[in-house]
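This report refers to the structure that appears directly beneath it.
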Amino acid sequence: MRTVLAFAAALYVSLFITALFTDADISDLGPVARTYAQNGINDVGSANLVTAVIVTYRGLDTLGEVTVLFTASTAIILLLSLHAIARRASPASDIVSLTARVLPAPILLFGLYIIAHGHLSPGGGFPGGAVIASAALLVLLGCAGGVAFAHWLPLAESFAGLSFALLGFWGLLRMTQYLNNSVIPLGVPGNLISAGIIPLISTAIGVKVASELSAILAAFRAKGWEE
Amino acid sequence: MTISRIVLIAAMTLIGIGLVGILTRRHLIRIALAFTLASTGLNILLVWTGYLEGRNAPIINAELDGLAVDQIVDPLPQALVLTAIVIGVAVSALFIVVGVLTSRVLGTADVRELRKLKW
Amino acid sequence: MVMIHEHILLGIASVGSLTMIVAAIWALIVRDLLAAIILVGFVSLTASVLFLLMNAPDVAITEASIGAGLSTLIFLWGRARIHES
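Residue numbers (the working numbering), protein chains in the order written: chain A, 1 to 227; chain B, 1001 to 1119; chain C, 2001 to 2085.
Okay, here's the thing in structure tokens:
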């Protein structure tokens, strides 16, 4: 066992030194990125190319990622429901409860802004969902009855995931291409209403990520052992 | 010594630190922390593969004169890492939950005690 | 990012990478688990700055909100619930 570890360590160190002295003189985009850069704005209509890649060009990978997130979240909530008991949350201190009365609404608004402008500026469904989950975390930590909103989170999560998959079928029916976003007219790139169904799919992804991460955090807060 | 070289060295060092942590630590939570470190280092390495010097972010706005092909970094690794980060936190949470339940069964958080769990 | 002078960007990259590596090594070595969790959150924060230097703003937002916020909370929960008799 020690010899295997020593060999692996030597291999890693040699890779490291090779990376240290290699002249990585790539100065141009590869062929795939070149295609995305040249045709992205006209085919997809989204000014943010990363959102175009996530939702349209590599939309199936995003569907798989949504499945992985769903599986992990279900496993966590199942394990905690079976093997832990409900605990009474300890009351929060003054600073936390005051902050939890003031801050969650602006954070929620900021998260919705990030989701809605996913095709115009940096952001999209994933960062927006994470920011909304931070607002939910603040509510969980600071408010006394905070875990009560967690009852309808699985419903929101399943509905959002189902609508993501069904929106792809709309593209299949009209354009014979799953997750094609030209089913709605593309519009002018740079407007809020543009880029086909990308805003709808971004909203679905954002709601799904936010509700999943909030459900995980609510399960952590509500389940314990002796307290 | 360019930005590209510095970030590459930092990313590979972070992966190495994470791997050493997974192999040598005994407490379950510390192993989960080292796993998160290695995952963060890998994400930096993935984004580094798309980085080109002197270019801009892959967002096409009105100030971009000339062809976009010459002015943006590669958007594909960024899209992959965006999903990878969210998956990473979910896997981390699952690791922590299984670790806490295992410590309840074993009575300790030392992974060397896991050998006592027989089939 | 090309609007900022390139030596300043090089300085930010060097300082950020150095603090990231020092914090990562320190997180493995320190005896207190609470300090280790907070140091890993700090590594995620500096990684977010490196993402911004590499012209990846979406990834930077995601890493900052998830790595430095939610992941730290999940580890703190695990530390509170782990059972060592």
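Here a beta-carbon is modelled for each residue, glycine too, at the ideal position from N, C-alpha and C. Here the structure is a predicted model, which is why all the values come from computation and not from measurement.
Of the residues A:101, A:131 and A:110, the one placed nearest residue 143 (chain A), counting alpha carbons only
What you label residue 143 (chain A) is simply residue 143 of the first sequence in a count that begins at 1. Nearest C-alpha to residue 143 (chain A): A:101.
Less than 7 Å between CB atoms is the rule here; does residue 227 (chain A) satisfy it with respect to chain C?
The residue labelled residue 227 (chain A) in the question sits at position 227 within the first sequence. Note that residue 227 (chain A) scores 48 on pLDDT, short of 50, meaning its location in the model is unreliable; the coordinates nonetheless yield the value given after this. Not an interface residue.
Among A:223, A:188 and A:111, nearest to residue 202 (chain A) - alpha-carbon criterion:
By 1-based counting over the first sequence, the position of residue 202 (chain A) is 202. Out of A:223, A:188 and A:111, A:111 has the C-alpha closest to the C-alpha of residue 202 (chain A).
With 16 other Cβ atoms within 10 Å as the buried cut-off, status of residue 1078 (chain B):
As a first step, residue 1078 (chain B) is located in the second sequence; it is residue number 78 there, counting from the start. Per the 10 Å Cβ criterion, buried.
With burial defined as no fewer than 16 other Cβ atoms inside 10 Å of the residue's Cβ, what is the status of residue 152 (chain A): buried or exposed?
Counted from its first residue, the first sequence places residue 152 (chain A) at position 152. Result: exposed.
Touching by the beta-carbon criterion (3+ pairs, under 8 Å), the segment 215 to 227 of chain A and the segment 132 to 146 of chain A:
yes
In the DSSP assignment, find the unbroken alpha helix (DSSP H) run with residue 1071 (chain B) in it and report its ends.
Counted from its first residue, the second sequence places residue 1071 (chain B) at position 71. Careful: residue 1071 (chain B) lies outside any alpha helix (DSSP H) and carries neither H nor E.
Taking C-alpha atoms, which residue in A:66, A:179, A:196 and A:165 lies nearest to residue 211 (chain A)?
Walking along the first sequence from the start, residue 211 (chain A) turns up at place 211. Closest by alpha carbon: A:66.
Along chain C, in chain order, which residues have C-beta atoms closer than 9 Å to that of residue 1028 (chain B)?
Locating residue 1028 (chain B) in the second sequence gives position 28, counting from the first residue. Ordered by position in chain C, the residues that pass the 9 Å Cβ test against residue 1028 (chain B) are 2078 and 2082.
Neighbourhood of residue 2059 (chain C) by C-beta, 6 Å cutoff - its chain only, sequence neighbours within 5 removed
Working through the third sequence from its first residue, we reach residue 2059 (chain C) at position 59. Result list for residue 2059 (chain C): 2051, in chain order.
List the residues of chain B whose Cβ lies closer than 8 Å to the Cβ of residue 2062 (chain C), in chain order.
To locate residue 2062 (chain C), count along the third sequence from 1; it is residue 62. Neighbours of residue 2062 (chain C) on chain B, chain order: 1082, 1085 and 1086.
Neighbour flag for residue 106 (chain A) against chain C, beta carbons, 7 Å:
If you number the first sequence from 1, residue 106 (chain A) lands on position 106. For residue 106 (chain A), the answer is no, since every Cβ of chain C falls outside 7 Å of its Cβ.
Which chain B residues sit within Cβ distance under 8 Å of residue 12 (chain A)?
What you label residue 12 (chain A) is simply residue 12 of the first sequence in a count that begins at 1. Near residue 12 (chain A) (Cβ distances below 8 Å), the residues of chain B are 1016 and 1019.
Does the segment 42 to 50 of chain A touch the segment 180 to 197 of chain A, meaning 3 or more C-beta pairs lie closer than 8 Å?
yes
Thinking C-alpha only, which one of C:2040, C:2064 and C:2027 is nearest residue 129 (chain A)?
Working through the first sequence from its first residue, we reach residue 129 (chain A) at position 129. For the residues C:2040, C:2064 and C:2027, the minimum Cα distance to residue 129 (chain A) belongs to C:2064.
Residues that residue 1117 (chain B) contacts on chain C, provided the C-beta gap is smaller than 9 Å:
Here residue 1117 (chain B) corresponds to residue number 117 of the second sequence, with the count starting at 1. By Cβ distance, chain C contributes nothing, its closest Cβ being about 15 Å from residue 1117 (chain B), past 9 Å.
Roughly how many angstroms separate the alpha carbons of residue 2005 (chain C) and residue 1008 (chain B), rounded to a whole number?
Against the third sequence, residue 2005 (chain C) aligns to sequence position 5. Against the second sequence, residue 1008 (chain B) aligns to sequence position 8. Roughly 21 Å separates the two Cα atoms.
Taking the straight line between their C-alpha atoms, what separation do you get for residue 248 (chain A) and residue 187 (chain A)?
Since the displayed chain A opens at 1 and closes at 227, residue 248 (chain A) lies outside it and no answer follows.
Residue 1104 (chain B) versus chain C: which residues are under 7 Å apart at the beta carbon?
Against the second sequence, residue 1104 (chain B) aligns to sequence position 104. Correct list: 2083.
The segment 158 to 174 of chain A touching the segment 86 to 93 of chain A, judged by at least three CB pairs closer than 8 Å
no
Taking C-alpha atoms, which residue in A:216, A:141, A:35 and A:73 lies nearest to residue 96 (chain A)?
Indexing the first sequence from 1 puts residue 96 (chain A) at position 96. Among A:216, A:141, A:35 and A:73, the Cα nearest to that of residue 96 (chain A) belongs to A:141.
Leaving aside the five residues before and after residue 217 (chain A) along the sequence, list all residues of the same chain whose C-beta is less than 8 Å from its C-beta, in chain order.
Translated into positions along the first sequence, residue 217 (chain A) becomes position 217. The residues are 133, 136, 137 and 140.
Applying the criterion that 16 or more other CB atoms from any shown protein chain within 10 Å of the CB defines a buried residue, is residue 2069 (chain C) buried or exposed?
Numbered from its first residue, the third sequence carries residue 2069 (chain C) at position 69. Buried, by the Cβ-count rule.
Using only alpha-carbon positions, find the residue among B:1054, B:1089, B:1027 and B:1058 that is nearest to residue 76 (chain A).
For this step, residue 76 (chain A) is matched to residue 76 along the first sequence. Minimum Cα distance to residue 76 (chain A) is reached at B:1089.
Please tell me whether residue 1052 (chain B) and residue 1038 (chain B) are closer than 7 Å, where the distance is taken between their beta carbons.
Translated into the one-based positions of the second sequence, residue 1052 (chain B) becomes position 52. Translated into the one-based positions of the second sequence, residue 1038 (chain B) becomes position 38. Their beta carbons are not under 7 Å apart, which means residue 1052 (chain B) does not touch residue 1038 (chain B) by this criterion.
Skipping 5 residues on each side, what residues in its chain have a beta carbon closer than 6 Å to that of residue 124 (chain A)?
Your numbering for residue 124 (chain A) matches position 124 in the first sequence. Around residue 124 (chain A): 51, 118 and 202.
Decide if residue 27 (chain A) is buried, meaning its Cβ has at least 16 other Cβ atoms within 10 Å, or exposed.
Position 27 of the first sequence, counting from 1, holds the residue named residue 27 (chain A). By the 10 Å Cβ count, residue 27 (chain A) comes out exposed.
Assess, as a yes-or-no matter, whether the segment 1042 to 1049 of chain B is touched by the segment 1022 to 1033 of chain B under the definition of 3 or more beta carbon pairs within less than 8 Å.
no
Where the alpha helix (DSSP H) containing residue 64 (chain A) begins and where it ends:
Position 64 of the first sequence, counted from the start, is the residue given in the question as residue 64 (chain A). Per DSSP, residue 64 (chain A) belongs to the alpha helix (DSSP H) from 59 to 83.
Measure the alpha-carbon distance for residue 1107 (chain B) versus residue 2078 (chain C) and round it to whole angstroms.
One-based indexing of the second sequence puts residue 1107 (chain B) at position 107. One-based indexing of the third sequence puts residue 2078 (chain C) at position 78. Roughly 15 Å separates the two Cα atoms.
For residue 37 (chain A) and residue 1109 (chain B), what's the separation of their Cα atoms in angstroms?
The sequence position of residue 37 (chain A) within the first sequence is 37, counting from 1. The sequence position of residue 1109 (chain B) within the second sequence is 109, counting from 1. Roughly 50 Å separates the two Cα atoms.
Find the residues of chain B that neighbour residue 62 (chain A), judging by a C-beta separation of less than 7 Å, and give them in chain order.
By 1-based counting over the first sequence, the position of residue 62 (chain A) is 62. What residue 62 (chain A) touches in chain B: 1083.
Alpha carbon of residue 2076 (chain C) to alpha carbon of residue 105 (chain A), nearest angstrom:
For the purposes of this step, residue 2076 (chain C) is taken as the residue at position 76 of the third sequence. For the purposes of this step, residue 105 (chain A) is taken as the residue at position 105 of the first sequence. Cα to Cα, residue 2076 (chain C) sits roughly 25 Å from residue 105 (chain A).
Beta-carbon of residue 7 (chain A) versus every beta-carbon of chain B: anything under 7 Å?
The sequence position of residue 7 (chain A) within the first sequence is 7, counting from 1. Not one chain B Cβ lies under 7 Å of residue 7 (chain A).
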